[in-house]
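Going by my numbering, 123 is the number at position 80 of the sequence shown; the sequence numbering is gapless.
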Amino acid sequence: MALPHATSGQLIDVRPLGTRITTSVSNALFKTPQLELMRLVLPRGKGMPEHSVPGAVTIQCLEGAIELHAHQKTQTLLAGELVYLAGGEPHALHALEDSSVLLTLLLQH
44 MALPHATSGQ
54 LIDVRPLGTR
64 ITTSVSNALF
74 KTPQLELMRL
84 VLPRGKGMPE
94 HSVPGAVTIQ
104 CLEGAIELHA
114 HQKTQTLLAG
124 ELVYLAGGEP
134 HALHALEDSS
144 VLLTLLLQH
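Rendered as structure tokens:
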């Protein structure tokens, strides 16, 4: 069963999950024809293999620490840090700690 997306004007809670992080799952918060916003929950040691998407992406670390591989280098994103990636840029994520990130995708049509 799909979780409902937020509607225009609806508040969305993206505060850190804290102790709930170990029982939380990734979910899409909303999606329009131009934009998609997701909260990814990545347990320590897990991640996303290298991939790319056609549109621009922002990745904001809400809690924990995420290792980002992009632009032929590795960077660590800590809580409160955000990175922008141009469309088509290959990237991979690896959680150094139990982490959650806010992922924004600009959808190409």
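All residues carry an ideal CB built from backbone N, CA and C; glycine is no exception.
Aspartate 141 counts as buried, since no fewer than 16 other beta carbons sit within 10 angstroms of its beta carbon. Histidine 134 sits close to leucine 111, with the two beta carbons spaced by under 8 angstroms. In this structure, leucine 148 and valine 96 form a Cβ contact; the two beta carbons are roughly 6 angstroms apart against a cut-off of 8 angstroms. Inside the stretch 91-150, DSSP marks whole beta strand (DSSP E) runs of 3 or more residues at positions 100-106, 108-113, 116-121, 125-128, 134-138, 142-149, from first to last along the chain.
With a 10 Å radius around the Cβ and a threshold of 16 neighbouring Cβ atoms, arginine 63 comes out exposed.
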